[in-house]
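2 protein chains.
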Amino acid sequence: MTDRTNGNGSATTVRILDVAERLVQTRGYNGFSYGDIATELGITRAALHYHFAGKAELGQALVDRYATRFAAALAHVDATVPDAAARLQRYVDLYTDVADDNRMCLCGMLAAEHRTLPEPLQQAVCAFFKSNTAWLRRVLDEGRADGSLAFTGTAEDSAAMVLGGLEGAMLIARLDGDVSRFRAAAARLLAGLAPVPA
Amino acid sequence: MTDRTNGNGSATTVRILDVAERLVQTRGYNGFSYGDIATELGITRAALHYHFAGKAELGQALVDRYATRFAAALAHVDATVPDAAARLQRYVDLYTDVADDNRMCLCGMLAAEHRTLPEPLQQAVCAFFKSNTAWLRRVLDEGRADGSLAFTGTAEDSAAMVLGGLEGAMLIARLDGDVSRFRAAAARLLAGLAPVPA
DNA sequence: GTCTATACAGCGATAGAC
DNA sequence: GTCTATCGCTGTATAGAC
Chain G
2 MTDRTNGNGS ATTVRILDVA ERLVQTRGYN GFSYGDIATE LGITRAALHY
52 HFAGKAELGQ ALVDRYATRF AAALAHVDAT VPDAAARLQR YVDLYTDVAD
102 DNRMCLCGML AAEHRTLPEP LQQAVCAFFK SNTAWLRRVL DEGRADGSLA
152 FTGTAEDSAA MVLGGLEGAM LIARLDGDVS RFRAAAARLL AGLAPVPA
Chain E
2 MTDRTNGNGS ATTVRILDVA ERLVQTRGYN GFSYGDIATE LGITRAALHY
52 HFAGKAELGQ ALVDRYATRF AAALAHVDAT VPDAAARLQR YVDLYTDVAD
102 DNRMCLCGML AAEHRTLPEP LQQAVCAFFK SNTAWLRRVL DEGRADGSLA
152 FTGTAEDSAA MVLGGLEGAM LIARLDGDVS RFRAAAARLL AGLAPVPA
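Residue numbers (my numbering), protein chains in the order written: chain G, 2 to 199; chain E, 2 to 199.
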């Protein structure tokens with residue numbers, strides 16, 4: 002609970018993560034400072050350094066928590082939704098929740114700033130997308146096998162299309178806070194994978 | 002030629018724009034400084050302020066030039082390519098050129114950082130995407146009319162899907178410099194709009 | 001058109017008191 | 001666990017010489 006450079010533990014640590022997460026998702030890693038978090042929480046910058054040694058460690062903790070949550074959500078979908086097409090829809094729903102908040106996907110935002118990030122963060126972002134693509138590929142393959150989805154080419158390629166399509170739709174929908182824009186684009190993306198040609 | 006706060010004119014001004022453009026596309030607006038440009042060009046930060054009053058004005062000039070070039074490229078496609086499906090392919094080719102450089106679309110990068118940008122820049126980025134969506138919608142409608150493209154729903158929604166799909170695929174392809182990933186995702190995107198169901 | 005010099009704010013980070 | 005105080009660095013920007 003009192004360990005430094007650790008994302009778990011005290012209520013303050015969690016509040017820091019929550020604020021920082023929102024700041025990264027709305028302004029980007031290079032678009033916020035320790036000062037922003039400190040002001041919002043009514044503490045000092047120095048206090049932040051007690052919970053997270055530096056901005057790099059804070060960023061790492063953010064991605065770790067985000068990836069863990071995402072993986073848990075996907076595991077839950079796997080365990081409760083039998084149909085592949087329905088699982089894919091649930092995946093889109095996860096992104097829709099983020100878009101509804103007018104946020105960008107945490108890792109999507111970090112992907113844009115990739116070149117400027119500390120190296121461990123770069124790898125964590127990469128790993129997030131690799132894991133997402135792997136999950137999508139599996140669901141797409143299963144859907145094609147059971148007939149609930151239809152597409153040509155490799156599942157890998159279609160997985161990249163879905164992932165990219167969702168991230169990009171999010172990126173642009175945020176511009177005028179038009180979430181319906183995201184929903185429409187996501188729906189068109191899924192329509193292209195429907196077994197009876199759209 | 003000698004006007005301050007102006008993106009046109011001297012060779013130095015153009016070189017500044019070129020370097021700044023690449024920096025924004027790879028590192029983001031908040032990920033580079035006047036110092037980065039000055040170092041690369043072998044001049045001082047102070048000299049930069051002669052050509053562009055501030056970073057905001059430089060950013061504005063970047064988006065203006067980018068949008069103008071893009072509009073010219075689309076106008077050229079309109080004037081030389083009769084088939085709607087072929088025009089759409091040309092549009093994708095424009096994005097592929099950027100992805101090949103392992104860059105992000107200038108306005109896609111700025112879209113991620115949208116909330117942190119000076120207000121005039123925010124509007125310029127919005128305008129870029131509105132104009133892109135309008136062009137795409139027109140081509141999609143024409144393609145559906147002449148039978149070279151096929152899709153359900155509004156052309157507006159499919160335009161948002163294409164635009165978002167390309168921006169997102171770019172975003173993710175940059176992570177491991179895997180351009181083939183972008184090409185594959187873009188191809189799948191177009192496949193979903195082919196008149197004979199993929 | 002580019003320079004030196006400088007101002008001034010903000011950043012991430014550290015030391016040490018409480 | 002949070003504070004004050006301070007460091008060193010970098011950022012944008014300006015004034016004025018050349």
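Note that CB positions come from ideal geometry on N, CA and C, so glycine has one too.
Measuring only between beta-carbons, confirm whether residue i sits less than 8 Å from chain E.
i: G:Phe71; result: no
i: G:Leu164; result: yes
i: G:Asp158; result: yes
i: G:His115; result: yes
i: G:Thr3; result: The pLDDT assigned to G:Thr3 is 42, lower than 50, so where the model puts this residue is not dependable; a value taken from the coordinates is nonetheless given after this. Chain E, which has no Cβ nearer than 8 Å to the Cβ of G:Thr3, makes this no.
i: G:Arg28; result: yes
i: G:Gly32; result: yes
i: G:Val126; result: yes
i: G:Gly109; result: yes
i: G:Leu137; result: no
i: G:Arg104; result: no
i: G:Leu95; result: no
i: G:Leu167; result: yes
i: G:Ala74; result: no
i: G:Ala186; result: yes
i: G:Phe182; result: Here residue 182 of chain G is Arg; the residue named in the question, Phe, does not match the sequence. Yes, G:Arg182 counts as interfacial toward chain E.
Buried or exposed for residue i, going by 16 or more other Cβ atoms inside 10 Å?
i: G:Arg189; result: buried
i: G:His115; result: buried
i: G:Val61; result: Checking the sequence shown, residue 61 of chain G turns out to be Gln, not Val. By the neighbour-count rule (16 or more Cβ atoms within 10 Å), G:Gln61 is buried.
i: E:His77; result: exposed
i: E:Val25; result: buried
i: G:Glu58; result: buried
i: E:Ser181; result: exposed
i: E:Arg46; result: exposed
i: E:Gly8; result: For E:Gly8, the predicted structure reports a pLDDT of 45, less than 50, and the residue's modelled location is therefore unreliable. A value from the coordinates is still provided. E:Gly8 comes out buried.
i: E:Ser11; result: exposed
i: G:Met2; result: Residue confidence for G:Met2 is low, a pLDDT of 39 falling below 50, so the modelled location carries little weight; the figure read from the coordinates is stated next. That one is exposed.
i: G:Thr40; result: exposed
i: E:Gly43; result: exposed
i: G:Val140; result: buried
i: G:Ser159; result: buried
i: G:Leu18; result: buried
i: E:Thr14; result: buried
i: E:Ala186; result: buried
i: G:Val197; result: exposed
If we cut at 8 Å on Cβ distances, does residue i have a partner in chain G?
i: E:Phe53; result: no
i: E:Ala170; result: yes
i: E:Arg189; result: yes
i: E:Leu49; result: no
i: E:Thr6; result: Because E:Thr6 sits at a pLDDT of 43, beneath the cut-off of 50, its placement in the model cannot be relied upon, and the following sentence gives the value as read from the coordinates. No, because no Cβ of chain G sits closer than 8 Å to the Cβ of E:Thr6.
i: E:Thr40; result: no
i: E:Asp19; result: no
i: E:Ile173; result: yes
i: E:Val64; result: no
i: E:Asp177; result: yes
i: E:Arg23; result: no
i: E:Gly154; result: yes
i: E:Val99; result: no
i: E:Ala80; result: no
i: E:Ala192; result: yes
i: E:Ala146; result: no
i: E:Gly87; result: At residue 87 of chain E the sequence reads Ala, which differs from the Gly that was named. Output row for E:Ala87: interface = no.
i: E:Ala112; result: yes
i: E:Ala57; result: no
Locate the alpha helix (DSSP H) running through residue i, then write down its first and last residues.
i: G:Leu111; result: Leu107 to Ala113
i: E:Thr27; result: Ala12 to Arg28
i: G:Leu95; result: Ala85 to Asp101
i: E:Thr45; result: Taken as a continuous stretch (DSSP letters only), E:Thr45 belongs to no alpha helix (DSSP H), as it is neither H nor E.
Which of helix, strand or coil does DSSP assign to residue i?
i: G:Ala195; result: coil
i: G:Leu150; result: coil
i: E:Ser159; result: helix
i: E:Val78; result: helix
i: G:Gly55; result: coil
i: E:Ser34; result: coil
i: G:Leu141; result: helix
i: G:Leu202; result: Outside the shown range of chain G (2 to 199) lies residue 202 of chain G, about which nothing can therefore be said.
i: G:Arg70; result: helix
i: E:Asp179; result: coil
i: E:Arg184; result: helix
i: G:Arg189; result: helix
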